[in-house]
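So the structure is just underneath, and the comments pick up after that.
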Amino acid sequence: MTQDRLDELIDKYAFGTISPEELLELLDWYHSAEIGTVEWPTEDIEEKDHLQKRMLLRLQAQIGAVGENPAVPARRRVFRLGAWQVAACLAIIFSSIWIARQYLDLTGRPAWVAVRNPTGKIQAIRLPDSSEVWLNAASAIRYSPDIGKGHDAPREVYLEGEGYFDVAEDPTHSFVVHAGSLTTTVLGTRFDVKSFSGEQLASVSVISGKVKVRDSARVLDVLTTARQLQVDARTGNSTTVTIDTSQVAGWRQGKLQFSGQTMEEITASLGRWYNIQFVFANPAISRCRYYLNFENTISLQQMLAALKETTDLSFQEDATHHTVTISGNGCN
Numbered sequence: 001m002t003q004d005r006l007d008e009l010i011d012k013y014a015f016g017t018i019s020p021e022e023l024l025e026l027l028d029w030y031h032s033a034e035i036g037t038v039e040w041p042t043e044d045i046e047e048k049d050h051l052q053k054r055m056l057l058r059l060q061a062q063i064g065a066v067g068e069n070p071a072v073p074a075r076r077r078v079f080r081l082g083a084w085q086v087a088a089c090l091a092i093i094f095s096s097i098w099i100a101r102q103y104l105d106l107t108g109r110p111a112w113v114a115v116r117n118p119t120g121k122i123q124a125i126r127l128p129d130s131s132e133v134w135l136n137a138a139s140a141i142r143y144s145p146d147i148g149k150g151h152d153a154p155r156e157v158y159l160e161g162e163g164y165f166d167v168a169e170d171p172t173h174s175f176v177v178h179a180g181s182l183t184t185t186v187l188g189t190r191f192d193v194k195s196f197s198g199e200q201l202a203s204v205s206v207i208s209g210k211v212k213v214r215d216s217a218r219v220l221d222v223l224t225t226a227r228q229l230q231v232d233a234r235t236g237n238s239t240t241v242t243i244d245t246s247q248v249a250g251w252r253q254g255k256l257q258f259s260g261q262t263m264e265e266i267t268a269s270l271g272r273w274y275n276i277q278f279v280f281a282n283p284a285i286s287r288c289r290y291y292l293n294f295e296n297t298i299s300l301q302q303m304l305a306a307l308k309e310t311t312d313l314s315f316q317e318d319a320t321h322h323t324v325t326i327s328g329n330g331c332n
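Following the UniProt record's numbering, the numbering of the sequence shown begins with 1 at its first residue and continues without gaps.
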């Protein structure tokens, strides 16, 4: 496993967005340390040996505390643990890897600052280089506290979800946003990046300036003002369109704005804001497109009433299970 992939899995676990398959991948990586095949985040032999011993000893001691014999190889036994034990072991694994990161920090490498937003909240963050970030609901970002201080080193941040960036100009330090499979590079501009785990479309929208967007294999496009790159996470196909910049990041001003998005995309955004899950009784409804505009200060019940009046659909809330079932005939 590459270091970038390991960092991605650790962050997803910390932010609560990791999938079951990715959890198994993280487990496999950690178990491989016991047979000497793990790729450690350092090339120094003594440092790696010390790091490995600290991590494995902590893991063995803690697994023993939840009823397992640490002297027995763990690769097969872990998958027989009960649900609470699996959760405990995963927490141990993450804390052990966190120890590794802290150890590396002591060698002179900067730690990461991580900020996570819950549902229903928008947060403004000022980075050490004076760039400003607005973090949308159910989104997370991490960055170095020394961002912009290294000699010619890029200013790198890692985003999960959606963020609006107003980047401070610095000709000697490019600004790089890593979001899922997309990497966006700029020198100074305002733009929005949206990449939520599990959603089909990711996008980069430029409000002013110019940005370069690439995936792991190639440059997808160089975007200028009022241009948006949309990437299908399932196929990898991308499309560039012209946008109304006033509506791209209306969420910063407390707006829930949707301009021709599908009901699936709309309910994904509303679900993050109201901490609710939407269920489609008729799957055809999810593909219908709507133009909607709400203030994010209205209650869930007020929003559902407005949706019903606007769309001719019915919305049944189940407060116990935090779900809303949408029924109707589909697109008119």
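From the three backbone atoms N, C-alpha and C, an ideal C-beta is built for every residue, glycine too.
Your pair residue 223 and residue 193 does not check out as a contact, with CB atoms roughly 11 Å apart and the cut at 8 Å.
Inter-residue distance for residue 263 and residue 181 is about 25 Å (C-alpha atoms, whole angstroms). The beta carbon of residue 205 sits closer than 7 Å to the beta carbons of 191, 192, 228, 243 and 248 from its chain, once the five residues preceding and following it are set aside; these are given in chain order. Between residue 168 and residue 188 the beta-carbon gap is near 6 Å, inside 8 Å, which marks them as a contact. Out of 323, 250 and 144, the CA that lies nearest to the CA of residue 175 is found in 144. The three-state reading of DSSP puts residue 130 in coil, since its state is none of H, G, I, E or B. Every beta strand (DSSP E) of 3 residues or more that sits fully in the UniProt domain "FecR protein" (117-212) is shown, in chain order, as 123-126, 132-135, 140-143, 155-166, 175-179, 182-186, 190-195 and 201-208. By the C-beta density criterion, residue 219 is exposed, having fewer than 16 other C-beta atoms within 10 angstroms. Of the residues assessed, residue 133 falls on the buried side of the cut-off, its CB having 16 or more other CB atoms within 10 angstroms.
Note on geometry: alpha-carbon atoms of residue 297 and residue 152 lie some 43 Å from one another. Annotation: the continuous alpha helix (DSSP H) that includes residue 310 extends over 300-311. In terms of Cβ geometry, residue 285 and residue 328 form a close pair [threshold 8 Å].
Counting along the chain, residue 19 sits inside no beta strand (DSSP E), nor does DSSP assign it H or E at all.
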